[in-house]
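Protein chains in written order, with this note's numbering: chain A, 55 to 144; chain B, 41 to 549. Here the structure is laid out as structure tokens; the discussion comes afterwards.
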């Protein structure tokens, strides 16, 4: 995993989700409920998983690809941080 | 047509409990045997009686199945409510379904109590693990009953032929309650168990919500043959990787779902993770099966027969097709098949005249037979043709080589991820938004996105897409929340001054 701050991860995710699934002028905030508002659905979750792999060189473990972990960018960033910390201590 | 009340369906539970009491009926933990199911169902049916229309609002698990069977055993019809349904919609369902009893779990109790302020006559029953002394309401403490022997069904003859009311999207803004009779269900289950040669060795996977007609196959076919059923949790479709574990560990042989989920399973390489597979029948319905998806399935799942079932909720399944090797090689569209059981189908043209059944002929599909349901529960939505067991599907089909092919719709109903959605229902909610003057909702088939075009009341101060999504989330199920919102000063109109939908679609696409 690349050495990035949680804020940077969060900003990149917000930007990716807004540009992929919302209109040009719309922004996603870290606490926007992206699953509840149908911004992400079961298929687009896997687009985000691919983005995380591409952008942060992190493969999310299968067990963590759960809608609860994609409830908001804030929640997802914490999951990513958790895995990057685990990698760092290895 | 068979006018006698069926004796099987839910009563098959009592039959199998006598001949194979220890056999597992429900496979998800905690596993529930046929005898335990009878104990639970008989005790709950006693608490429910004399209900006549019972809404069930639970998280999706074994309790949901046992509750449905208890409701039917109590001579009541079941009205399933999806666990994540917005409360506004639950109120419409309780009113239009003329519900007299509501069965909830602890997770939905608070919401149910709030909703019942408007419906004080509805009896509330709560399923609990242990008796809650603080709750002043009727509780069914299921662990007290599941191992207490019961051997007879509560009601020997069901006087009420209404089995279920399934609510689907309605074009007027109100969900439509489709009334399924015991006879409708029995006809489908008899046909499917025989045609697919199902047996008590079969292990069924239920993914669909119980408010989706696909679930009737999972529940009643498995019960009819004395097989076993794994009830996947609510978010199974959103977390397909879990399905790999279930398919593998539970040795699932029968699976019935929508093509969009199968497509997602292909994409994430689920079949390889689920190996070795025990699947012998994979059935799909609810939307068009894309050929590349079918080809990928066929190469991943060996020794398995694929079926394409077709039918709006009003007919449950009325046509079916067994996929051949030739279909898999060819890139031509997959047929929706031919009529099942005693169903008769024909086509009519725009002037409602019957179309001669010639090669290549097309028209709106009309269905007649035991599969056609009793019509809608709301009087205003009632259609007289349903009394003659005839349903006008609104689907345009083509006849070729002895089978039918789906071409499209003649109205504004769409299917997205297998969900049936009336675009007018979304419009009816959005037009009530104080900042919206005019609204048109369009579905882009290519991107599978629901797109809203609207003109704001105040062009200087238009609401954000997120605010509109949040508003929709309060009134509509999550799959009906539009993906995109576009504001225009004025919506395009045709020569009659009506909203020009083709023009809007052109702009959106």
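Beta carbons are placed, not taken as given, at the ideal position from N, Cα and C, and that holds for glycine. Note that this is a predicted model, so its numbers are computed, not measured.
Where residue i and residue j are concerned, what is the direct C-alpha to C-alpha distance, given to the nearest angstrom?
i	j	result
residue 124 of chain B	residue 514 of chain B	11 Å
residue 544 of chain B	residue 216 of chain B	27 Å
residue 60 of chain B	residue 347 of chain B	30 Å
residue 109 of chain A	residue 175 of chain B	51 Å
residue 441 of chain B	residue 77 of chain B	46 Å
residue 62 of chain B	residue 71 of chain B	11 Å
residue 450 of chain B	residue 80 of chain B	46 Å
residue 43 of chain B	residue 70 of chain A	Only weak support exists for where residue 43 of chain B lies, its pLDDT of 36 falling under 50; the value from the coordinates is given anyway. Cα to Cα, the separation comes out at about 59 Å.
residue 452 of chain B	residue 459 of chain B	14 Å
residue 328 of chain B	residue 68 of chain A	33 Å
residue 93 of chain B	residue 87 of chain A	35 Å
residue 499 of chain B	residue 424 of chain B	45 Å
residue 483 of chain B	residue 539 of chain B	15 Å
residue 134 of chain B	residue 95 of chain B	7 Å
residue 317 of chain B	residue 258 of chain B	19 Å
residue 1 of chain B	residue 103 of chain B	With chain B running from 41 to 549 in the structure shown, residue 1 of chain B is simply not present.
residue 45 of chain B	residue 180 of chain B	Reliability fails at residue 45 of chain B, whose pLDDT of 36 lies under 50, so the model's placement of it is uncertain and no value is given.
residue 436 of chain B	residue 73 of chain B	45 Å
residue 488 of chain B	residue 466 of chain B	16 Å
residue 253 of chain B	residue 95 of chain A	22 Å
residue 315 of chain B	residue 98 of chain B	32 Å
residue 365 of chain B	residue 511 of chain B	48 Å
residue 285 of chain B	residue 114 of chain A	18 Å
residue 383 of chain B	residue 205 of chain B	21 Å
Exposed or buried, which one is residue i when buried takes at least 16 other CB atoms within 10 Å?
i	result
residue 233 of chain B	buried
residue 322 of chain B	buried
residue 41 of chain B	Because the pLDDT of residue 41 of chain B is 39, which lies under 50, any placement of that residue in the model is unreliable, and the number read from its coordinates should be weighed accordingly. That one is exposed.
residue 57 of chain B	buried
residue 75 of chain B	buried
residue 243 of chain B	buried
residue 312 of chain B	exposed
residue 106 of chain A	buried
residue 576 of chain B	The question about residue 576 of chain B has no answer here: the residues shown for chain B are numbered 41 through 549.
residue 188 of chain B	exposed
Counting only beta-carbon separations shorter than 9 Å, does residue i have a partner in chain B?
i	result
residue 140 of chain A	no
residue 64 of chain A	no
residue 100 of chain A	yes
residue 133 of chain A	no
residue 76 of chain A	yes
residue 84 of chain A	no
residue 71 of chain A	no
residue 60 of chain A	no
Output, in chain order, the set of chain A residues within a Cβ distance shorter than 9 Å of residue i.
i	result
residue 613 of chain B	Not covered by the structure: residue 613 of chain B. The range shown for chain B is 41 to 549.
residue 513 of chain B	87, 90, 91 and 92
residue 304 of chain B	96, 97 and 100
Would a check of beta-carbon distances place residue i closer than 9 Å to chain A?
i	result
residue 522 of chain B	yes
residue 313 of chain B	yes
residue 425 of chain B	no
residue 209 of chain B	no
residue 480 of chain B	no
residue 499 of chain B	no
residue 495 of chain B	no
residue 293 of chain B	no
residue 249 of chain B	no
residue 457 of chain B	yes
residue 300 of chain B	yes
residue 544 of chain B	no
Which chain B residues are close to residue i, counting only those with a beta carbon under 8 Å from its beta carbon?
i	result
residue 127 of chain A	In chain order: nothing, as chain B lies at least about 13 Å away.
Name the chain A residues whose beta carbon is nearer than 7 Å to that of residue i?
i	result
residue 510 of chain B	91
Would you mind stating whether residue i and residue j have Cβ atoms separated by less than 9 Å?
i	j	result
residue 406 of chain B	residue 430 of chain B	yes
residue 111 of chain B	residue 131 of chain B	no
residue 360 of chain B	residue 235 of chain B	yes
residue 456 of chain B	residue 212 of chain B	no
residue 10 of chain B	residue 127 of chain B	Given that chain B is displayed from residue 41 to residue 549, the structure contains no residue 10 of chain B and the question cannot be resolved.
residue 116 of chain A	residue 281 of chain B	yes
residue 368 of chain B	residue 444 of chain B	no
residue 446 of chain B	residue 373 of chain B	yes
residue 438 of chain B	residue 400 of chain B	yes
residue 97 of chain A	residue 287 of chain B	no
residue 356 of chain B	residue 228 of chain B	yes
Give me the chain B residues within the contact set of residue i, using Cβ-Cβ distance strictly less than 7 Å, ordered along the chain.
i	result
residue 45 of chain A	The shown model of chain A, from 55 to 144, leaves out residue 45 of chain A, and the question about it has no answer.
So which residues of chain A does residue i contact, with C-beta pairs closer than 8 Å?
i	result
residue 525 of chain B	77
residue 308 of chain B	100
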